[in-house]
Amino acid sequence: MTIQEAYKFCLYCGSKANLVGEDHLECPNCGKKFFFSPSVGSACFCRNPKGEILVIERNIEPHKGTLGLPAGFVDINDPTLESTIVREIMEEVGCKVKNIKYLSSHHTIYPFAGVDRPHMSTFWVCELDEETPEPKTSSEVSKVFFADVKTLDLSKFGFDSTRMAIKDYIDFLNK
Ligand SMILES: [Zn+2]
Numbered sequence: 212m213t214i215q216e217a218y219k220f221c222l223y224c225g226s227k228a229n230l231v232g233e234d235h236l237e238c239p240n241c242g243k244k245f246f247f248s249p250s251v252g253s254a255c256f257c258r259n260p261k262g263e264i265l266v267i268e269r270n271i272e273p274h275k276g277t278l279g280l281p282a283g284f285v286d287i288n289d290p291t292l293e294s295t296i297v298r299e300i301m302e303e304v305g306c307k308v309k310n311i312k313y314l315s316s317h318h319t320i321y322p323f324a325g326v327d328r329p330h331m332s333t334f335w336v337c338e339l340d341e342e343t344p345e346p347k348t349s350s351e352v353s354k355v356f357f358a359d360v361k362t363l364d365l366s367k368f369g370f371d372s373t374r375m376a377i378k379d380y381i382d383f384l385n386k
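Numbering of the sequence shown is given in our numbering, commencing with residue 212 and proceeding in unit increments.
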């Protein structure tokens, strides 16, 4: 179901709330509003010295078993989008990265707990730090490998935002 179908009650007082347009609820009891803004995440094209990028196989839903990039939601106290990359790539594959530069962003749908949630993915380019341990799998990642981006089969990637960002990255390389 959509987020508009899932959220029906005021978060502040619990009264039945009214949907206003597509983008927010308004409470007839306390007057407060709640906006359906997208969650935000960071994902990265992490390059090894050969210029190959780090690709993972997702071990968690949504899109479990599909390919993806190291990525995650911005945590409540992450100071920057770049810091989300540093934290997530360490948590998911145990690697240290450097030289994080912005690439692009894409809206997508993140299905979670039966609700299709709006999500804004930001994409970054970075390099493996010389001091990094080798990438390894984790609870969230069932496979990890490096690949030439031009050889990747886009149909194996779960999120449409990642497929779009791979095209952005190839354009970036061709500039
Ligand atoms: Zn209320």
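Here a beta-carbon is modelled for each residue, glycine too, at the ideal position from N, C-alpha and C.
Have a look at residue i and residue j and give me their C-alpha separation to the nearest angstrom.
| i | j | result |
| --- | --- | --- |
| E263 | E351 | 22 Å |
| C221 | K347 | 43 Å |
| F246 | G325 | 19 Å |
| N240 | S226 | 7 Å |
| N259 | C224 | 51 Å |
| D379 | M331 | 16 Å |
| P249 | G232 | 16 Å |
| A254 | E216 | 29 Å |
| N270 | G242 | 42 Å |
| K219 | D327 | 15 Å |
| I377 | S349 | 23 Å |
| E389 | G276 | The question about residue 389 has no answer, for the chain in this structure spans 212 to 386. |
| F356 | A228 | 47 Å |
| E272 | E345 | 25 Å |
Per DSSP, which one or two residues make a beta bridge with residue i?
| i | result |
| --- | --- |
| M331 | V251 and H318 |
| Y313 | W335 |
| C257 | C337 |
| R269 | V352 |
| K386 | Per DSSP, none; premise fails for K386. |
| I264 | R258 and A358 |
| T213 | D327 |
| N229 | E237 |
| G279 | I267 |
| K244 | E237 |
| V308 | L339 |
TODO: Would you list the residues whose beta-carbon is nearer than 6 Å to any heavy atom of ligand 1, in the order they occur in the chain?
DONE: C221, Y223, C224, S226, C238, N240, C241 and K243
Task: Validate contact between the segment 361-371 and the segment 263-274 using beta carbons, cut 8 Å, 3 pairs - done: yes
- [ ] For the segment 285-297 and the segment 221-241, state whether three or more C-beta atom pairs, one from each stretch, are separated by less than 8 Å.
- [x] no
Open item on the list: In chain order, what are the residue ranges of uninterrupted beta strand (DSSP E) at least 3 long that sit wholly in the segment 333-378?
Closed with: 352-358
Task: Three or more C-beta pairs below 8 Å linking the segment 304-322 and the segment 370-384 - done: yes
Open item on the list: When you compare the segment 297-313 with the segment 338-347, are there three or more beta-carbon pairs, one atom per stretch, that lie closer than 8 Å?
Closed with: yes
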